[in-house]
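Data block below; observations after.
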Amino acid sequence: MMSRFFLMSLTCVGAWLISLNLQAQNEDVDSGGGEGHHHRNELSVATGLVPLIAEGELSWGIHIHYIRGIGDENKVGIGIGLETIVDEHRHYTISGVLHYRIYKGLIFSLAPGLLILKEEDKYLLQFAQHFELAYELEIGEFHLGPVAELGLETIGVHYMVGLHFGIDF
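Our numbering applies: residue 173 is where the sequence shown begins, and numbers increase by one.
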């Protein structure tokens with residue numbers, strides 16, 4: 173398990189460092205500054221490590237969301253998200269997303285939703301609440317950067333640390 177954790181951690185850190193290098197090389201980078209965010213729609217994927225504390229396992233998580241900006245500066249957005257944790261128990265969460273651009277590229281998202289669990293031959297629905305903090309480095313219509321997510325569910329708590337990739341349109 174330690175070598176798997178090390179490899180996943182090294183991959184995340186390497187991709188994050190590459191994103192910083194790309195941002196530094198791009199003279200047209202706009203991190204959202206004080207002038208607002210200029211796109212109306214965003215399609216993003218966040219992926220990273222998910223330690224499952226109760227089970228003593230390390231898994232991989234994927235979170236996909238679509239956000240539609242509101243207002244002239246698009247500081248606030250609403251949308252829909254889908255998350256899965258890739259492990260033997262596979263669970264999925266579908267949620268509504270409220271997205272707020274705090275300052276420059278720093279973004280906070282609140283995502284209440286439904287956890288979908290498969291128990292034998294039937295599916296169970298339970299309430300879930302996710303919180304996400306991301307920092308976007310914008311490169312043209314694309315953005316990437318670090319992300320941290322906390323998931324509160326009736327079956328437990330999990331968190332994810334990884335990378336956020338997206339396209340603005």
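For glycine and all other residues, C-beta sits at the position ideal for the given N, C-alpha and C.
This structure is a prediction, so every number in the text was calculated from the model and none was measured.
Can you tell me where the beta strand (DSSP E) with residue i in it begins and where it stops?
i: HIS211; result: No beta strand (DSSP E) holds HIS211; DSSP gives it neither H nor E.
i: PHE341; result: That residue, PHE341, is in no beta strand (DSSP E); it is neither H nor E in DSSP.
i: GLY241; result: 229–242
i: GLY253; result: 248–258
i: ILE266; result: 263–275
i: ILE288; result: 278–291
Can you name, in chain order, every residue of its own chain whose Cβ lies under 6 Å from the Cβ of residue i, other than the five neighbours on each side?
i: PHE341; result: ASN213
i: GLU291; result: none
i: LEU239; result: The displayed chain sequence assigns Ile, not Leu, to residue 239. The residues are GLU214, GLY249, GLY251 and HIS271.
Do you know how far the Cα of residue j is from the Cα of residue i?
i: HIS336; j: ALA283; result: 16 Å
i: LEU278; j: GLY328; result: 27 Å
i: SER127; j: LYS294; result: Absent from the structure is residue 127, since the part of the chain shown begins at 173 and ends at 341.
i: TYR331; j: PRO223; result: 7 Å
i: GLY334; j: LEU296; result: 28 Å
i: ILE273; j: ARG262; result: Inspection of the sequence shows that residue 273 is occupied by Arg rather than by Ile. Cα-Cα distance, rounded: 31 Å.
i: GLN298; j: ILE339; result: 31 Å
i: GLY323; j: GLY228; result: 17 Å
i: ASN246; j: GLY220; result: 27 Å
Determine the burial state of residue i: buried for a count of at least 16 other Cβ atoms within 10 Å of its Cβ, exposed for fewer.
i: TYR307; result: buried
i: GLU313; result: exposed
Could you pull out every residue in the same chain whose Cβ sits closer than 8 Å to the Cβ of residue i, ignoring the five residues on either side in sequence?
i: GLY268; result: ILE250, GLY251, ILE252, GLY253, ALA283, PRO284 and GLY285
i: GLU260; result: none
Can you give me the Cβ contacts of residue i inside the same chain, cut-off strictly under 7 Å, excluding the 5 residues immediately before and after it?
i: HIS237; result: SER216, GLY251, ILE252, GLY253 and VAL269
Residue i and residue j: beta carbons closer than 8 Å?
i: GLU342; j: ALA300; result: Since the first and last residues shown for the chain are 173 and 341, residue 342 lies out of range.
i: GLY233; j: ILE257; result: yes
i: GLY343; j: HIS211; result: Past the edges of the chain, shown from 173 to 341, lies residue 343, and the structure says nothing about it.
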